[in-house]
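**Q** Residue numbers (our numbering): 3 to 364.
For glycine and all other residues, C-beta sits at the position ideal for the given N, C-alpha and C.
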Amino acid sequence: MSLPSYILRRLALIVPTLFGILVLNFAVVQLAPGGPVEQAIAQLQGYDTSFNASVAGSSGNDSGSQATDSEYRGSLGLPEAVIARIEKQYGFDKPWHERFGLMVWNYAQFDFGDSYFSGRPVVDMIIERLPVSISLGLWSTLLTYLISIPLGIRKALHHGSRFDVATSMLIIVGYAIPGFIFAILLIVLFSGGQYLDWFPLRGLVSDNFDELNWWQQILDYAHHIALPTIAMVVGNFATLTMLTKNSFLDEIHKQYVLTARAKGCTESRVLYGHVFRNAMLIVVAGMPVALIGLFFTSGLLVEYIFSLDGLGLLSYNAVINRDYQIVFGTLYIFSLISLLLKLISDLTYVAIDPRIDFAGRL
3 MSLPSYILRR
13 LALIVPTLFG
23 ILVLNFAVVQ
33 LAPGGPVEQA
43 IAQLQGYDTS
53 FNASVAGSSG
63 NDSGSQATDS
73 EYRGSLGLPE
83 AVIARIEKQY
93 GFDKPWHERF
103 GLMVWNYAQF
113 DFGDSYFSGR
123 PVVDMIIERL
133 PVSISLGLWS
143 TLLTYLISIP
153 LGIRKALHHG
163 SRFDVATSML
173 IIVGYAIPGF
183 IFAILLIVLF
193 SGGQYLDWFP
203 LRGLVSDNFD
213 ELNWWQQILD
223 YAHHIALPTI
233 AMVVGNFATL
243 TMLTKNSFLD
253 EIHKQYVLTA
263 RAKGCTESRV
273 LYGHVFRNAM
283 LIVVAGMPVA
293 LIGLFFTSGL
303 LVEYIFSLDG
313 LGLLSYNAVI
323 NRDYQIVFGT
333 LYIFSLISLL
343 LKLISDLTYV
353 AIDPRIDFAG
363 RL
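1) Determine contact between the segment 211-223 and the segment 118-127, defined as no fewer than three beta-carbon pairs at a distance below 8 Å.
2) From L245 to V236, what distance separates their C-alpha atoms?
3) In the DSSP output, which residue or residues are listed as bridge partners for D311?
4) I'd like the list of long-range same chain contacts for Q327, defined as Cβ closer than 7 Å, with 5 residues on each side in sequence excluded.
5) Can you confirm whether the segment 195-210 touches the segment 222-236 when touching is taken to mean that 3 or more C-beta pairs between the two stretches lie within less than 8 Å?
6) Compute the Euclidean distance between the alpha carbons of Q257 and V285, then round it to the nearest angstrom.
7) Taking C-beta to C-beta, are L302 and L315 nearer than 8 Å?
8) Would you decide whether P152 is buried or exposed? Buried here means 16 or more other CB atoms lie within 10 Å of its CB.
9) Less than 8 Å separating the beta-carbons of L345 and R12?
10) Going by C-alpha distance, which of F28, Y318, T231 is nearest R101?
11) In three-state terms, what does DSSP make of P123?
12) In chain order, which beta strand (DSSP E) runs of at least 3 residues are fully inside the segment 116-191?
13) For S249, which option in N108, A264, A281 has the closest C-alpha, if you only look at C-alpha atoms?
14) Please report the Cβ distance between T332 and L313, rounded to the nearest whole angstrom; I am assuming they are in contact, meaning their Cβ atoms lie under 8 Å.
15) At which residues does the alpha helix (DSSP H) containing G275 begin and terminate?
16) Let me know if S52 comes out buried or exposed under the rule of 16 or more other beta-carbons within 10 Å of its beta-carbon.
17) Quick check on the burial criterion: 16 or more other C-beta atoms within 10 angstroms. Buried or exposed for S7?
18) Between which two residues does the alpha helix (DSSP H) holding W107 run?
19) Can you tell me whether DSSP reads D113 as helix, strand or coil?
20) Please state whether DSSP places S193 in a helix, a strand or coil.
21) Cβ atoms of T231 and L341: under 8 Å apart, would you say?
22) Using C-beta distances below 6 Å, list every residue in its chain close to A158, excluding the 5 sequence neighbours before and after it, in chain order.
23) Determine which residues share a DSSP beta bridge with D199 and list them.
24) Skipping 5 residues on each side, what residues in its chain have a beta carbon closer than 8 Å to that of E305?
25) Going by beta-carbon coordinates alone, are G176 and A233 separated by less than 8 Å?
26) So what does DSSP say about T51, is it helix, strand or coil?
27) Cα separation between I183 and C267?
28) Please report the distance separating the alpha-carbon of A178 from that of L172.
29) What is the C-beta distance between T243 and S150, in whole angstroms, given that I count them as a contact (C-beta under 8 Å)?
30) Counting only the same chain and skipping the five closest in sequence on each side, list residues whose C-beta sits under 6 Å from that of L349.
31) I think V272 touches R263, with their Cβ atoms under 8 Å apart; what is that distance to the nearest whole Å?
32) So what does DSSP say about S7, is it helix, strand or coil?
33) With DSSP run on the structure shown, which of helix, strand or coil describes N323?
34) Using the Cα positions of R87 and I16, report the straight-line distance between them to the nearest angstrom.
35) With distance defined between alpha-carbon atoms, name the residue in H161, Q219, D325, R204 nearest to A185.
Encoded structure:
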């Protein structure tokens with residue numbers, strides 16, 4: 003199979019994969035208690051649902067589960083006409099299969115609808131917050147790879163030395179500390195917590211960012227992004243460092259390395275002309291997962307702690323508030339980016355090792 007044919011087949015497989023993900027998550031979310039209708043009813047009764055979805059969930063439990071028209075009523079004492087208007091407002095007056103079919107059609111056109119609670123288009127909310135998540139993800143990934151790959155190679159070349167043992171201890175400590183705990187520590191130490199006040203506590207740029215010239219804007223951006231990036235790197239570089247080290251150790255002891263040395267190749271030529279290309283294949287294989295984790299999963303609590311309004315924080319608040327429009331919209335974007343990154347990862351294989359053949363791959 004040629005490379006263009008492989009790319010076309012992989013792109014075609016994205017469609018059923020996204021459909022399956024939407025089916026699964028639609029089913030799971032529909033069964034979750036405390037949906038938007040229940041929260042609206044709870045607010046009409048005077049319950050505060052802004053800080054915890056469990057309040058809405060408990061109010062929903064008092065009135066029954068979430069599925070059908072009559073299940074919202076019970077002992078609530080609200081007129082049926084009011085409940086019907088609430089259901090129509092949030093689109094729950096239609097059967098589930100109609101709602102799902104309409105959602106699939108709209109998502110095919112990248113129309114995610116409007117947020118249940120803010121009333122704003124979900125696409126606009128995602129576009130506004132995507133630069134924050136991309137900034138954190140790109141800089142964290144770049145810094146992680148710039149640290150992990152050279153460190154892993156050096157550890158492999160000096161396996162068992164004092165340097166290897168000392169750095170392994172530091173890596174274990176860094177791996178054991180969750181990113182959000184380290185973020186809090188950085189705030190305490192460097193953001194006016196109890197000691198130094200060197201870095202800003204919140205936001206990606208200053209309030210007067212537009213008034214600064216270009217080099218001041220760069221410095222201001224770097225000043226704000228430094229601590230969140232460090233917090234994310236510390237929790238992610240350990241795995242990549244050990245993966246790089248073990249890959250190099252495995253390749254260094256293979257026969258082709260001994261043959262290259264016997265032919266008089268320099269150590270630099272052996273390492274970076276032969277070993278590096280083969281050892282990096284397994285590192286590249288984990289890049290999509292690392293990117294998705296850094297873009298969204300790892301950045302969730304870091305975004306919250308540093309008051310960075312990114313996609314991770316948006317999706318978290320949407321889940322808490324049962325804002326299905328945002329939940330499905332962000333899930334769709336996450337899944338699509340993940341699938342595309344996986345394809346890019348496979349294409350990177352070819353760039354590193356042209357001997358890879360796609361004939362047996364889907």
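**A** The relevant details are as follows:
1) no
2) 16 Å
3) Paired residue(s): none; D311 is not in a bridge.
4) The answer, listed in chain order, is F114, G115, D116, S117, Y118, V124.
5) yes
6) 21 Å
7) Judged by beta-carbon spacing, L315 lies within the 8 Å limit of L302, meaning their Cβ atoms are closer than that value.
8) With fewer than 16 other Cβ atoms within 10 Å, it is exposed.
9) Against a cut-off of 8 Å, the Cβ pair of R12 and L345 comes out as a contact.
10) Taking only the C-alpha atoms, the option nearest R101 is F28.
11) Residue state, collapsed to three classes: strand.
12) none
13) A281
14) 6 Å
15) Premise fails: G275 is in no alpha helix (DSSP H) and is neither H nor E.
16) Per-residue confidence for S52 stands at a pLDDT of 47, beneath the threshold of 50, marking its modelled position as unreliable; the derived number appears in the next sentence. Looking at its Cβ environment, which holds fewer than 16 other Cβ atoms inside 10 Å, S52 is exposed.
17) exposed
18) From DSSP, the alpha helix (DSSP H) with W107 extends over 98-110.
19) coil
20) Three-state DSSP puts S193 in a strand.
21) no
22) K247, F250, L251
23) Under DSSP, D199 forms a beta bridge with S193.
24) V134, S135, L138, P230, D311, G312, G314, L315
25) No, the pair does not count as a contact, with Cβ atoms beyond the cut-off.
26) For T51, the pLDDT reaches just 49, beneath the cut-off of 50, and the residue's location in the model is therefore unreliable, leaving the point undetermined.
27) 47 Å
28) 10 Å
29) 4 Å
30) Within the same chain, and ignoring the five residues on either side of L349 in sequence, no residue has its Cβ closer than 6 Å to its Cβ.
31) 6 Å
32) Helix at S7.
33) coil
34) 37 Å
35) Among H161, Q219, D325, R204, the Cα nearest to that of A185 belongs to R204.
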